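In full-length UniProt numbering, the protein residues as written are 1 to 276. We treat Cβ as the ideally placed atom computed from N, Cα and C, and that holds for glycine. None of the values given here were measured: they were computed from a predicted structure.
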């Protein structure tokens, strides 16, 4: 009996060992499959990394070539633009010197022109005075008579000069006002109608919400009030200002005091501030 029992124990242990060996084989096979899948995934990642690296290298080479071409093109453009600018610099400098010389000489030229005009005017006045005095052969008489008549000639020249000086203001007065004055007068006449066209601003009632109130609530409280429902044709729709206030304009010709009093009563009932 003891031998049979031992044999059964050995048989059962062998069966357990066989089962455990089968399970180990199954586990080993599963691990081998997982390892092969991981190996294939690693290989695929390596191939993808190699392809990306190659694409990046191509992009870098292309960008480097484009950069070199751009640098060469900019250098050629700079060289082409540098030569005309260098040649045009002396001309520009010479032109600036000429302009500066003209600015410095302009006051002297004006003074010289004024002096020439003054000399011409005096010469013209002398010629007119001489033409007004008769010549000696027409006057006749001896040297003493000529000496006596010299003051008369000077007096005639002075009288003619005075007549010319008095005629100059008369010409200016008959010619009318100068161009700047006429322009200012025309501008004044043109600006008067514009000022007259301005219309007076209509009266308006300004409503300001108090603390804890909003613009919408104030607007609804005033617009839905039965006390002023008959003022829809007098009060404007109202607009919202940048300071969150309600401004309602009144129709021209409205009794502002009466309308404002009724609106103020409604605002006081709803604890809303308003002013005219």
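| query | result |
| --- | --- |
| With three or more C-beta pairs closer than 8 Å as the rule, is the region 203-223 touching the region 268-275? | yes |
| Would you mind giving the Cβ-Cβ distance between residue 246 and residue 215, rounded to the nearest angstrom? I have them listed as a contact below 8 Å. | 6 Å |
| Under the three-state reduction of DSSP, which class applies to residue 95: helix, strand or coil? | helix |
| Give me the Cα-Cα distance between residue 103 and residue 78, rounded to the nearest whole angstrom. | 36 Å |
| Where does the unbroken alpha helix (DSSP H) through residue 221 begin, and where does it stop? | 215-223 |
| Confirm, please, whether the CB-CB distance from residue 233 to residue 248 is below 7 Å. | no |
| Around the C-beta of residue 218, are 16 or more other C-beta atoms found within 10 angstroms, so that it is buried, or is it exposed? | buried |
| I'd like the span of the beta strand (DSSP E) that includes residue 275, first residue to last. | 273-275 |
| Helix, strand or coil: which one does DSSP assign to residue 234? | coil |
| Starting from residue 268, follow the alpha helix (DSSP H) in both directions and report where the run begins and ends. | 256-269 |
| Can you look up residue 204 in the DSSP assignment and give me helix, strand or coil? | strand |
| If you draw a straight line from the alpha carbon of residue 293 to that of residue 161, how long is it in whole angstroms? | Not covered by the structure: residue 293. The range shown for the chain is 1 to 276. |
| How big is the Cα-Cα spacing for residue 254 and residue 221? | 22 Å |
| Give the DSSP-derived three-state secondary structure of residue 247 in the structure shown. | strand |
| Kindly indicate which three-state DSSP category residue 119 falls into: helix, strand or coil? | helix |
| Could you check what DSSP says for residue 240 in three-state terms: helix, strand or coil? | strand |
| By DSSP, does residue 210 sit in helix, in strand, or in coil? | coil |
| Within the same chain, show all residues whose beta-carbon is closer than 7 Å to that of residue 241, passing over the 5 residues directly before and after it, in chain order. | 247 |
| Once DSSP output is grouped into helix, strand and coil, what is the label at residue 199? | coil |
| Please report the straight-line C-alpha distance between residue 57 and residue 64, rounded to a whole angstrom. | 11 Å |
| Would you kindly work out how many angstroms separate the C-alpha atoms of residue 212 and residue 244, rounded to a whole number? | 13 Å |
| Anyone know if the C-beta pair for residue 251 and residue 227 falls short of 7 Å? | no |
| Which same chain residues end up closer than 7 Å to residue 270 when comparing Cβ atoms and leaving out the 5 residues on each side of it in sequence? | 221 |
| Measuring alpha carbon to alpha carbon, tell me which residue in 263, 202, 200 and 256 is nearest residue 224. | 263 |
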